[in-house]
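Asker: Residue numbers (our numbering): -6 to 762. For each residue, glycine too, the CB sits at the ideal point set by N, CA and C.
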Ligand SMILES: Nc1nc2c(c(=O)[nH]1)N[C@H]1C(S)=C(S)[C@@H](COP(=O)(O)OP(=O)(O)OC[C@H]3O[C@@H](n4cnc5c(=O)[nH]c(N)nc54)[C@H](O)[C@@H]3O)O[C@H]1N2
Ligand SMILES: Nc1nc2c(c(=O)[nH]1)N[C@H]1C(S)=C(S)[C@@H](COP(=O)(O)OP(=O)(O)OC[C@H]3O[C@@H](n4cnc5c(=O)[nH]c(N)nc54)[C@H](O)[C@@H]3O)O[C@H]1N2
Ligand SMILES: [Mo]
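(1) In chain order, what residues of the same chain lie with their CB nearer than 8 Å to the CB of residue 323, ignoring the 5 residues before and after it?
(2) DSSP state of residue 80, grouped into three classes?
(3) Is the closest heavy atom of ligand 1 to the C-beta of residue 286 under 7 Å?
(4) Identify, in the order they occur along the chain, each residue of the same chain with its Cβ nearer than 7 Å to the Cβ of residue 412, setting aside the five sequence neighbours on each side.
(5) At a cut-off of 7 Å, would you count residue 403 as near ligand 3, judging by its Cβ distance to the nearest heavy atom?
(6) Across which residues does DSSP place residue 460 in a beta bridge pair?
(7) Please classify residue 684 as buried or exposed, where buried requires at least 16 other C-beta atoms within 10 Å of its C-beta.
(8) Can you check DSSP and say which residues form a bridge with residue 817?
(9) Among 190, 303 and 345, which residue has its Cα nearest to the Cα of residue 739?
(10) Which residue from 319, 9, 428 and 634 puts its Cα closest to that of residue 169?
(11) Given the structure, does residue 51 come close to ligand 3, in the sense that its CB is under 7 Å from one of the ligand's heavy atoms?
(12) Cutting at 8 Å between CB atoms, please list the residues of its own chain near residue 238, excluding the five before and the five after it.
(13) Taking just the CA atoms, how far does residue 315 sit from residue 76?
(14) Less than 6 Å between C-beta atoms, sequence neighbours within five positions excluded: which residues of the same chain meet that for residue 217?
(15) Which same chain residues end up closer than 8 Å to residue 571 when comparing Cβ atoms and leaving out the 5 residues on each side of it in sequence?
(16) Does DSSP put residue 110 in a helix, in a strand, or in coil?
(17) My output table needs one value for residue 131: the three-state DSSP class, helix, strand or coil.
(18) With DSSP collapsed to three states, give me the class of residue 389.
(19) For the beta strand (DSSP E) that contains residue 257, what are its first and last residues?
(20) Could you give the uninterrupted runs of the beta strand (DSSP E) lying entirely in the stretch 678 to 736, keeping only those of 3 residues or more?
(21) Tell me whether residue 502 is buried or exposed, calling it buried when 16 or more other Cβ atoms sit within 10 Å of its Cβ.
(22) Taking just the CA atoms, how far does residue 678 sit from residue 714?
(23) Is it true that the stretch 186 to 200 meets the stretch 370 to 386, where meeting means three or more beta-carbon pairs spaced less than 8 Å apart?
(24) Taking residue 228 as part of the alpha helix (DSSP H), name the residues at either end of that continuous run.
(25) Identify the continuous alpha helix (DSSP H) that holds residue 334 and give its terminal residues.
(26) In terms of alpha-carbon separation, which member of 284, 317, 335 and 354 lies closest to residue 307?
(27) Determine the direct distance from the alpha carbon of residue 630 to that of residue 242, and round the result to whole angstroms.
(28) Going by other Cβ atoms of all chains shown within 10 Å of its Cβ, with 16 needed for buried, is residue 757 buried or exposed?
(29) Thinking residue 247 and residue 279 are a contact (beta carbons under 8 Å), I'd like their distance in whole angstroms, please.
(30) Counting only runs that start and end within the stretch 462 to 526, where is the beta strand (DSSP E) found for 3 or more residues in a row?
(31) Have a look at 151, 586 and 735 and flag the residue whose alpha-carbon is nearest the alpha-carbon of residue 426.
(32) Please go through the same chain and pick out, in chain order, the residues whose beta-carbon is closer than 8 Å to the beta-carbon of residue 759, but skip the five residues on each side of it.
(33) Just curious, the beta strand (DSSP E) that residue 299 is in, first and last residue?
(34) Do the CB positions of residue 494 and residue 467 come within less than 8 Å of each other?
(35) Should residue 741 and residue 444 be called a contact, given that it needs their Cβ atoms to be closer than 8 Å?
(36) Can you tell me whether DSSP reads residue 87 as helix, strand or coil?
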């Protein structure tokens, strides 16, 4: 295999942003990437098995698949295909690789370079004082880890981080192990992602999940797509929205950026998508100022209340409000106080634009609101989503077909992991069920989430970090603080498929434990195994890897967790870890007795397509303390940067999967061959005395007075609202202060960082364009 070059960032080219997404170029790009990673045969085998009833679940996102009979032969998208083939790569990281590259050298490599080295093949250890990883047997590695865990003064000195790649069976075992060990320290990527959605939905509807199905999406009259870039991050959602449009539904997109996928979609697997102009997605696009969504929904709510005043009994669903909700009067009183001047300042929209949306709402029987990181990663993420719930409840758009809440999840099984108990604050009813099933008393005190875990490592309260999937130091905020915190651990261990930055930030001792990926065949003592996942719409189904594993030395996540648990806990409490490892069906039997909605799990999941978990909201049952859905009062702020500063959002390019860039391009936004770019409104550029392609440092300004700096970004003029800017994650995580979090959910405010752009004079003028 040729050496992988680090492409660097020297050749930025900028073209106009695209106004449509996908189409044939998308598929071509995916296949091109795959063939760069592996053989034609393996590429074909991978693509033919994605999202097929007997194949594996695409790890690319959590958007659901149609029912088995309605599935396309190629039920995947460009980015899902790239993601899977990044895992199916033929490149390998061997013991020799670690001999050649000291950790201090790896720490200087880019995220791209590290990932491109290929699949991890055998367990390695970095011993105290060493600058190299070296091979270690599984037994010794797990023994070492178990010894460190047992040596802790308190189980709460251990952290068990997971990312939503983990399947249900492994997730269930991990939380079981952590709780039997004695801690609820189960931070996860959800803390950084949809935690605000969970918090708002739990409080108002009694369940922290979305309520709609794919059929509801197809049947809706009006869908809001808010704070989401589906063309890149959930491309299969565009096929669903296309169906909505064909059924006569409308779409309103709310976003600071005119994202290509919100405008027009060309279905790559249908003739009209290949030769036609494609489908217009957004009937109306609201170019909102960052953080303005709470004000927008409050204004829509005011308009609904006023319309009801003008024609009583015709606008609000009083039957729903009176029977199923509480808090309406208080909410209404507050909503009526909203001042239009504040709404217009916060949203940057005109009153006419908002009134046009209002008319669409009045004309729609069935309304759905979809959202993602553009809502959750703001200081007011939780109140914003609560206001969305108010909006839907006013016209009874909750708990009936074609209507409801749709937080669009990111990682393919992030929702399932939560269902399985990966949460630092699982409800007592779940802990009681664990106790009944396994005969030990789980700790009741809440554990640490991701942000609090960093604080605990920084302050010396947490000493062992175990990461199952994910890339903790790149996913989390305040990179310098986080890396230093992680470096203070006695032991860091990562169960991973591929090399990433977190492996280069080591505790005194560090382990990399390589594991099977979603596409790898998994054979245990009891024969070939499958795992299960739950998508964004609560559909649970099986996933079977089909490829030969990347190396004979890999263990599955289930096997690693079972063996580690056994080594750490022995037979106390008596949990049949060995049996779990040999036959995952025995884990599912336990899940069926512990987790609500999983009765008869093994039988039901064996059916093609699996089954859908019941959501009480769809029967208009609201498991809140009052038994009713809750209207809330929420206050918005006009988010504004101080003079000479901008509000920066950190987002994904088209060619990355979370912390891992696959290439240096962001095709739809017209950015090529570079990632260190900052997108700024033309008028702001003038006001700041900058011109396109100037080199600047991004410096974040926060109340703690600490200077956080991301050096060397190129300025690109872009149609983002005045006063705002955008740049890619994870390069910009260094700018997000650890303490800058959303109220209630503790999610970092990755979409709202106050920065100034500091010109880099001395380095200017040396790059090619
Ligand atoms: N190919 C690919 N697919 C992915 C991922 C990936 O990295 N690559 N990641 C997965 C994961 S874990 C997740 S969580 C999802 C993420 O999916 P998205 O949430 O779509 O991801 P982001 O790139 O963070 O985009 C946030 C969007 O919100 C907009 N936005 C920012 N601030 C605001 C605001 O204040 N108001 C409004 N209305 N909009 C705003 C941005 O302009 C952008 O369009 O995607 C999943 N799927
Ligand atoms: N500034 C900023 N920060 C953000 C965000 C943002 O928008 N802006 N988004 C946040 C969001 S939404 C999320 S979800 C987090 C994502 O945070 P994470 O989930 O922690 O990060 P990933 O990049 O998905 O993790 C990639 C690594 O997972 C490992 N991996 C992949 N597949 C498997 C598998 O099957 N098994 C195992 N064991 N390992 C596997 C590989 O080693 C790979 O290197 O980042 C968050 N951070
Ligand atoms: Mo996410």
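Answerer: Quick answer:
(1) 624 and 626
(2) helix
(3) yes
(4) 527 and 588
(5) yes
(6) 154 and 487
(7) exposed
(8) With the chain covering only -6 through 762, there is no way to say anything about residue 817.
(9) 190
(10) 428
(11) no
(12) 244, 272, 273 and 274
(13) 47 Å
(14) 245 and 362
(15) 555 and 559
(16) coil
(17) helix
(18) coil
(19) 257 to 259
(20) 688 to 693, 701 to 710 and 717 to 721
(21) buried
(22) 12 Å
(23) yes
(24) 228 to 239
(25) 333 to 340
(26) 354
(27) 32 Å
(28) Legend: pLDDT at residue 757 = 48, less than 50; position of this residue unreliable, no value from coordinates given.
(29) 5 Å
(30) 484 to 489 and 502 to 507
(31) 586
(32) Because the pLDDT at residue 759 is just 45, under 50, the model does not fix this residue reliably, and the point stays unresolved.
(33) Per DSSP, residue 299 belongs to no beta strand (DSSP E); it is in the alpha helix (DSSP H), 286 to 303.
(34) yes
(35) yes
(36) coil
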